[in-house]
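Asker:
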Amino acid sequence: MNFTRLVLNSHKRFFNHKSNYKGDIMANEIYYIGANDEHGINPPTAGKRTPTMPNLDRSIYENEFNRAAKIYFIEALFRNGFSVYDVKPELRDISINERVRRVNRQNLTALVTFAYNAYGEVFNSASGVGTYYSPLNPQSTQSRQLAENIYGELVQGTPQRPRGVNQLDIGILSSVNCPSALVEAGFMTNLQEARRMINPLFQIEVGEESCQGVCQYLGVDFIPRDIRYPVLRNGSRSNYVFLLQFILNQNGANLTVDGVFGNRTAEAVRNFQENNSLAVDGIVGTNTWRTLLTMAPYPILRNGSRGVYVTFLQQLLESNLIPVGNIDGIFGNQTETAVRQFQENNNLSVDGIVGPITWRSLAQID
62 MNFTRLVLNS HKRFFNHKSN YKGDIMANEI YYIGANDEHG INPPTAGKRT PTMPNLDRSI
122 YENEFNRAAK IYFIEALFRN GFSVYDVKPE LRDISINERV RRVNRQNLTA LVTFAYNAYG
182 EVFNSASGVG TYYSPLNPQS TQSRQLAENI YGELVQGTPQ RPRGVNQLDI GILSSVNCPS
242 ALVEAGFMTN LQEARRMINP LFQIEVGEES CQGVCQYLGV DFIPRDIRYP VLRNGSRSNY
302 VFLLQFILNQ NGANLTVDGV FGNRTAEAVR NFQENNSLAV DGIVGTNTWR TLLTMAPYPI
362 LRNGSRGVYV TFLQQLLESN LIPVGNIDGI FGNQTETAVR QFQENNNLSV DGIVGPITWR
422 SLAQID
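Note that the working numbering has the sequence shown beginning at 62, numbered continuously upward.
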């Protein structure tokens, strides 16, 4: 009997959504992977933040990166057909003891935690990516292998300086009953790496490379993000429906992530299509998939544009230390001013319109 699941614990209520179906990647459903993000954002965990960022006049909180990387990791897990457990769906922080209790009730195949490092309280030259495991974990050999596999992919796939695989004795590594690895993707106290914390392309890369490391650890093929996605419609059942429902929930829907494309999922798809100027038919084809994933080719954006690509644009501008005000998916006057500033800073034609040349300069990890 095959199933894929997303288990969410929310305010101590536990949901185990299972669907019996013949999935696209049947073999991977037996692997149950936990995803955890350190600290919290609402309210922000005290002290876990960058120094004040130039031009933005604010600190970036660690969980702004951690949560985003975890979300992209979960997306990659669903695409690859794994069963998934989100250890901390809440925005607020949760104690390590509670996280450990949650994990140890699940009988996970493996657990991956996302975090960002720091050195001191001011910007300095400490930098790089590392992974951690605990020799006190009851499956320490497997934990080390998991950490090594993820580390190898992160070093190959991101611009971060390699810092190695190291030991660390914290509960989420040592006290859980499954192989467990911690990703420290960079340093909040390094200005360049602090900027990367809010760059969605870097967040995606860390999530993707971490999933690729999990696949290597388990000895299964990795399915990359730029595949040709299947057309989905009412009645579809597959791991890609799990992925669809999860992404729709990140965009304001409130769906049960069960892998079954029913009426509520169709309605959420139509709402997403309408909000992003797509043909409203409730069918998830090439254009809807591309927009859900904010993938290239990127559309031309100008004052008055709305949707997820505008949110993506605003995030990229802020990662370039150009303030846009609220990151709200609405291309208004402040976003246009920010685009013009970016164009001027990069010797581009200053017209406030985001076309192919501006996208090419903007949509990168630097």
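Each residue gets a CB set at the ideal place from its N, CA and C atoms; glycine is no exception.
In chain order, which continuous runs of the alpha helix (DSSP H) of length 4 or greater are located wholly inside the segment 385-419?
Answerer: As far as the segment 385-419 is concerned, its whole alpha helix (DSSP H) runs of at least 4 residues are 394-406.
Asker: Give, in chain order, every unbroken run of the alpha helix (DSSP H) that is at least 4 residues long and sits entirely within the segment 106-187.
Answerer: The qualifying runs are 123-140, 157-165.
Asker: Judging by CA-CA distance, which residue of Val318, Asn364, Asp154, Phe134 is the nearest neighbour of Gln264?
Answerer: Locating residue 264 in the sequence shown gives position 203, where the first residue counts as 1. Nearest option by C-alpha distance: Phe134.
Asker: Only counting the same chain, and skipping five residues up and downstream in sequence, which positions put a Cβ closer than 7 Å to that of Gly225?
Answerer: Here residue 225 is taken as the residue at index 164 of the sequence shown, counted from 1. Gly191, listed in sequence order.
Asker: I need the boundaries of the beta strand (DSSP E) containing Ala242, first residue and last residue.
Answerer: Counted from its first residue, the sequence shown places residue 242 at position 181. 241-248 is the extent of the beta strand (DSSP E) around Ala242.
Asker: Would you mind listing the beta strand (DSSP E) stretches within the segment 267-297 that are 3+ residues and don't spill past its ends, in chain order?
Answerer: Within the segment 267-297, no complete beta strand (DSSP E) run reaches 3 residues.
Asker: If you drop the 5 nearest sequence neighbours on each side, which residues of the same chain put their C-beta closer than 6 Å to that of Lys83?
Answerer: The residue given as residue 83 occupies position 22 in the sequence shown. Any answer about Lys83 is weak, because its pLDDT of 33 lies below 50 and its placement is not dependable; what the coordinates show is given next. There are no such residues.
Asker: Between Val302, Asn310, Val267, which lies nearest to Lys131 when the distance is taken from Cα to Cα?
Answerer: Within the sequence shown, numbered from 1, the residue matching residue 131 stands at position 70. That would be Val267, whose Cα lies nearest to the Cα of Lys131.
Asker: Could you have a look at Ser422 and say whether DSSP puts it in helix, strand or coil?
Answerer: Your numbering for residue 422 matches position 361 in the sequence shown. Ser422 falls in the helix class under three-state DSSP.
Asker: Is the distance from the Cβ of Ser236 to the Cβ of Val330 below 8 Å?
Answerer: Position 175 of the sequence shown holds residue 236. Position 269 of the sequence shown holds residue 330. No.
Asker: Quick one: is Asn210 buried, meaning 16 or more other Cβ sit within 10 Å of its Cβ, or exposed?
Answerer: For the purposes of this step, residue 210 is taken as residue 149 along the sequence shown, with counting starting at 1. Buried: at least 16 other Cβ atoms inside 10 Å.
Asker: Sorted by chain position, which residues of the same chain lie with C-beta nearer than 7 Å to Glu125's C-beta, five sequence neighbours on each side aside?
Answerer: Residue numbering aside, residue 125 sits at position 64 when the sequence shown is read from its first letter. Answer for Glu125: Ile102, Met258, Ile259, listed in chain order.
Asker: Would you mind giving the Cβ-Cβ distance between Ala399 and Ile383, rounded to the nearest angstrom? I have them listed as a contact below 8 Å.
Answerer: Translated into positions along the sequence shown, residue 399 becomes position 338. Translated into positions along the sequence shown, residue 383 becomes position 322. About 5 Å; that satisfies the 8 Å criterion.
Asker: Drop a sphere of 10 angstroms on the beta-carbon of Ile233, count the other beta-carbons inside from all chains shown, and report buried for 16 or more, exposed for fewer.
Answerer: What you label residue 233 is simply residue 172 of the sequence shown in a count that begins at 1. Result: buried.
Asker: As a quick exercise: from Thr347, Thr352, Thr170, pick the residue whose alpha carbon is nearest that of Phe333.
Answerer: The residue labelled residue 333 in the question sits at position 272 within the sequence shown. If we check each option's Cα against that of Phe333, Thr352 comes out closest.
Asker: From Arg119 to Asn89, what distance separates their C-alpha atoms?
Answerer: Indexing the sequence shown from 1 puts residue 119 at position 58. Indexing the sequence shown from 1 puts residue 89 at position 28. Cα to Cα, the separation comes out at about 42 Å.
Asker: What span of residues does the beta strand (DSSP E) with Tyr193 cover, start to end?
Answerer: Against the sequence shown, residue 193 aligns to sequence position 132. Residues 190-194.
Asker: Where Cys239 and Arg421 are concerned, what is the direct C-alpha to C-alpha distance, given to the nearest angstrom?
Answerer: Translated into positions along the sequence shown, residue 239 becomes position 178. Translated into positions along the sequence shown, residue 421 becomes position 360. Spanning the two alpha carbons is a distance of roughly 42 Å.
Asker: Could you work out which residue in Gly393, Tyr212, Asn198, Gln217 is closest to Glu245 when comparing CA atoms only?
Answerer: Residue numbering aside, residue 245 sits at position 184 when the sequence shown is read from its first letter. Among Gly393, Tyr212, Asn198, Gln217, the Cα nearest to that of Glu245 is on Tyr212.
Asker: Give a yes or no on whether 8 Å exceeds the smallest Cβ distance from Leu378 to chain D.
Answerer: The structure shown contains no chain D, having only a single protein chain.
Asker: Which of the three DSSP states, helix, strand or coil, is assigned to Asn227?
Answerer: As a position in the sequence shown, residue 227 is number 166, starting the count at 1. Note: Asn227 maps to strand in three-state DSSP.
Asker: What number of angstroms, rounded off, separates the C-alpha of Asp85 from the C-alpha of Phe143?
Answerer: Position 24 of the sequence shown, counted from the start, is the residue given in the question as residue 85. Position 82 of the sequence shown, counted from the start, is the residue given in the question as residue 143. Note that Asp85 scores 44 on pLDDT, short of 50, meaning its location in the model is unreliable and no value can be drawn from it.
Asker: Can you give the Cα-Cα distance for Leu197 and Ile157, rounded to whole angstroms?
Answerer: Within the sequence shown, residue 197 is the residue found at index 136, counting from 1. Within the sequence shown, residue 157 is the residue found at index 96, counting from 1. Taking the straight line from one Cα to the other gives about 16 Å.
Asker: If I measure Cβ to Cβ from Val292 and keep anything under 7 Å in the same chain, skipping five residues before and after, which residues do I get?
Answerer: The count along the sequence shown starts at 1 and reaches residue 292 at position 231. Around Val292: Ile344, Val345, Gly346.
Asker: Rounding to the nearest angstrom, what Cα-Cα distance links Val275 and Asp98 in this structure?
Answerer: Within the sequence shown, the letter at position 214 stands for residue 275. Within the sequence shown, the letter at position 37 stands for residue 98. If you take the alpha carbons of Val275 and Asp98, they lie about 16 Å apart.
Asker: Should Arg434 and Leu243 be called a contact, given that it needs their Cβ atoms to be closer than 8 Å?
Answerer: Because the chain here runs from 62 to 427, residue 434 falls outside it and cannot be looked at.
Asker: Helix, strand or coil: which one does DSSP assign to Asn97?
Answerer: Against the sequence shown, residue 97 aligns to sequence position 36. Reduced to three states, the DSSP call for Asn97 is strand.
Asker: Can you tell me the Cα-Cα spacing of Asn300 and Val415, whole angstroms?
Answerer: Translated into positions along the sequence shown, residue 300 becomes position 239. Translated into positions along the sequence shown, residue 415 becomes position 354. In a straight line, the C-alpha of Asn300 is about 34 Å away from that of Val415.
Asker: Excluding sequence positions up to five away, which residues of its chain have a Cβ less than 6 Å from the Cβ of Asn387?
Answerer: Within the sequence shown, residue 387 is the residue found at index 326, counting from 1. Correct list: empty, nothing qualifies.
Asker: Under the three-state reduction of DSSP, which class applies to Val216: helix, strand or coil?
Answerer: Indexing the sequence shown from 1 puts residue 216 at position 155. Looking at Val216 - three-state DSSP - the assignment turns out to be helix.
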